[in-house]
Each structure stands twice: as C-alpha cells, then as structure tokens.
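A.B. asks:
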Ligand SMILES: C[S@@+](CC[C@H](N)C(=O)[O-])C[C@H]1O[C@@H](n2cnc3c(N)ncnc32)[C@H](O)[C@@H]1O
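Numbering (our numbering), first residue to last: 876 to 1105.
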C-alpha cells in the first residue's frame, strides 16, 4: 500500500527546524560577543559587566565568603586576577586602614578601572599591581592569597602559586574560587577547572587542601589551602 505523507507534518518539521536553527545562531552570536568582549582592549566596561552581572551578589555570596575566610582588620591580602575589583574593595573594607589589599591584574583595562575605583572610593589601603602570567611584584607576609574565577585563565597555575608560596605568612592561606565546569557557566565542560585538578596542581605547587566549601556556591568551587608541611 502507498504510504501517505501528511503535508502538515512536513510544514511542522520545517518550522521546528527553522526555530532550532535560529536559536543556535543566536546562541553562537552571543557566545562570540562574549569572547570578543573579553578579548578586545578598551572593552573594560563590557568585561566588568560580564564578570559581575547585576545578580552577582545573590550567587556569589561575598559576605559569607569573607566570613568563612575570617578576613580581619589589619590583614594583608593579595587579590590575584582582581578584574574590576568585585572582591578587592569588599576585602579592603574588611581589612580597614591598618590592612592592605594588593589587587593584581594582567589586563590593562582592568588595571585602569581598579585605579579609578581606588581613587573614587578613596581606598588608600588598596594597591593596584600590574602582573603577568609568570608572577607579580608582591610583598611578603601575606595572610591570604585570594583568587576568584582566575585559575582557568592562568597559563601555568602550578608555577604561579609555587612562586607565591614564600610570600605567605607561615599560617597564611590561599583561597581559590573557580568556575565548576559542571555548572551552567562551565559551558558544557569547556570553561573552568575540576576541583580534583585544582587540588592536584596546588599540591605540586606546595599546598595542602584544608577546606572545601562545596555547599556554599552553586556553580563555583571554593577551596582553601595552606602551605604543605606546617
Ligand atoms: C573572570 S575574571 C575575574 C575577576 C575577579 N576576580 C572577579 O571575581 O570579578 C579573571 C581575571 O583574571 C585576570 N588574570 C588572568 N590571568 C592572570 C594572572 N596570571 N595574573 C593576574 N591576573 C590574571 C584576567 O585579566 C581577568 O581580569
């Protein structure tokens, strides 16, 4: 018997196909715009928006993060990969005038924004430091090396953190908040770093994991390390 083709079904399939194709194109264009925003010099404000969208306080929980880390008046903290200073200025408020926050960046646009904000907010306890992928001229006696969403961008995190090790106080800690590749921001596993990988890299760099706050942040790892052999 001859098989009848339902013309409506063909139209249906074509409509669905065109919708899917358009969605894919929109998704791809947004992703390209995201990458262009990150790569183009002079796009500092675009990058700032991308790093800190309007709802960031809700998912980043900065107050709880700093409480857990026990950041106190007088602490000396390096914010490595400070970006536009989302955590830098919150840290600076906590450490107060006797403390110091060293905001390290490799991106010229971010360095400019950090400097502008420091002046605008009259934060004399923030020092903006231009670094590179190999290191930064940081002082010693640091209580905390803090780094949020930077680990996956570092060319060689093992060498970088090994170099910073002697600058930490004996009881100092390193806090790493990093994009979980399994979350939505992980873009299907291509963005971020697995927690086991961070722990392994940090071990080779001379640190031991002391806390894994896996239930605080939904889409990010929050790991704390101290120097190995204390
Ligand atoms: C996704 S942004 C995060 C910024 C900020 N920590 C935040 O949470 O909003 C990552 C930043 O790390 C910086 N970065 C990447 N590698 C770096 C390195 N080796 N040293 C210092 N900054 C670095 C980039 O320029 C970028 O501004």
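For every residue, glycine included, the Cβ atom is placed at its ideal position computed from N, Cα and C.
Here's the rule: buried if 16 or more other CB atoms are within 10 angstroms of the residue's CB, otherwise exposed. What is residue 963?
C.D. replies: For the purposes of this step, residue 963 is taken as residue 88 along the chain shown, with counting starting at 1. Buried.
A.B. asks: For residue 1077, which of 924, 1035, 1016 has the nearest alpha-carbon?
C.D. replies: On the chain shown, position 202 is the one that residue 1077 refers to. Nearest option by C-alpha distance: 1035.
A.B. asks: Just curious, the beta strand (DSSP E) that residue 977 is in, first and last residue?
C.D. replies: As a first step, residue 977 is located in the chain shown; it is residue number 102 there, counting from the start. 975-980 is the span of the beta strand (DSSP E), which, as asked, contains residue 977.
A.B. asks: Candidates 976, 1045, 1024: which alpha carbon is nearest residue 1095's?
C.D. replies: Counting from 1 along the chain shown, the entry for residue 1095 is found at position 220. The shortest C-alpha separation from residue 1095 is found at 1024.
A.B. asks: Identify which residue in 1032, 989, 961, 1018 has its Cα closest to the Cα of residue 949.
C.D. replies: Start at 1 with the first residue of the chain shown, and residue 949 comes out as number 74. Ranking the options by Cα distance to residue 949, first place goes to 1018.
A.B. asks: Under DSSP, the beta strand (DSSP E) around residue 1082 begins and ends at which residues?
C.D. replies: One-based indexing of the chain shown puts residue 1082 at position 207. Residue 1082 -> beta strand (DSSP E) spans 1082-1087.
A.B. asks: If you run the structure through DSSP and keep just helix, strand and coil, what is residue 1068?
C.D. replies: The residue given as residue 1068 occupies position 193 in the chain shown. Reduced to three states, the DSSP call for residue 1068 is coil.
A.B. asks: Please report the distance separating the alpha-carbon of residue 940 from that of residue 1029.
C.D. replies: One-based indexing of the chain shown puts residue 940 at position 65. One-based indexing of the chain shown puts residue 1029 at position 154. One C-alpha to the other measures close to 22 Å.
A.B. asks: Please name the residue or residues paired with residue 1023 in a DSSP beta bridge.
C.D. replies: Position 148 of the chain shown, counted from the start, is the residue given in the question as residue 1023. Paired residues: 1052.
A.B. asks: Judging by CA-CA distance, which residue of 1001, 1063, 1059 is the nearest neighbour of residue 961?
C.D. replies: Position 86 of the chain shown holds residue 961. Comparing Cα positions, the closest option is 1001.
A.B. asks: Using 7 Å as the cut-off, classify the Cβ of residue 1000 as near or not near the heavy atoms of ligand 1, replying yes or no.
C.D. replies: Residue 1000 sits at position 125 when you count from the first residue of the chain shown. Because no heavy atom of ligand 1 lies under 7 Å away, the Cβ of residue 1000 does not count as near it: no.
A.B. asks: Give the straight-line distance between the Cα atoms of residue 946 and residue 1065, rounded to the nearest whole angstrom.
C.D. replies: Position 71 of the chain shown, counted from the first residue, corresponds to residue 946. Position 190 of the chain shown, counted from the first residue, corresponds to residue 1065. Approximately 32 Å, taken between the alpha carbons.
A.B. asks: Using a 10 Å radius around the Cβ and a threshold of 16 neighbouring Cβ atoms, would you call residue 999 buried or exposed?
C.D. replies: Walking along the chain shown from the start, residue 999 turns up at place 124. The residue in question, residue 999, is exposed, as its Cβ has fewer than 16 Cβ neighbours within 10 Å.
A.B. asks: Just to confirm, does residue 1100 get its C-beta within under 7 Å of one of the non-hydrogen atoms of ligand 1?
C.D. replies: For the purposes of this step, residue 1100 is taken as residue 225 along the chain shown, with counting starting at 1. No, Cβ of residue 1100 sits at least 7 Å from all heavy atoms of ligand 1.
A.B. asks: Hey, out of 1051, 1068, 994, 1092, whose CA is closest to residue 1101's CA?
C.D. replies: Taking the chain shown and counting its residues from 1, the one referred to as residue 1101 is at position 226. Considering only alpha carbons, the answer is 1051.
A.B. asks: For ligand 1, is there a heavy atom less than 7 Å away from the beta-carbon of residue 1087?
C.D. replies: As a first step, residue 1087 must be located in the chain shown, where it is residue number 212. No, the beta carbon of residue 1087 sits no closer than 7 Å to any heavy atom of ligand 1.
A.B. asks: Reducing DSSP to helix, strand and coil, say where residue 1034 ends up.
C.D. replies: One-based indexing of the chain shown puts residue 1034 at position 159. Looking at residue 1034 - three-state DSSP - the assignment turns out to be helix.
A.B. asks: Look at the Cβ atom of residue 955, then the Cβ atom of residue 1015, and state whether they are nearer than 8 Å.
C.D. replies: Residue 955 sits at position 80 when you count from the first residue of the chain shown. Residue 1015 sits at position 140 when you count from the first residue of the chain shown. Taking 8 Å as the Cβ cut-off, residue 955 and residue 1015 do not qualify as a contacting pair.
A.B. asks: Could you have a look at residue 970 and say whether DSSP puts it in helix, strand or coil?
C.D. replies: What you label residue 970 is simply residue 95 of the chain shown in a count that begins at 1. Helix, per DSSP.
A.B. asks: Buried or exposed for residue 957, going by 16 or more other Cβ atoms inside 10 Å?
C.D. replies: For the purposes of this step, residue 957 is identified with residue 82 of the chain shown, where counting begins at 1. It counts as buried.
A.B. asks: Note down the Cα distance separating residue 991 from residue 1098, rounded to an integer number of angstroms.
C.D. replies: As a working note, residue 991 is residue 116 in the chain shown. As a working note, residue 1098 is residue 223 in the chain shown. Answer to the nearest angstrom: the Cα atoms are 30 Å apart.
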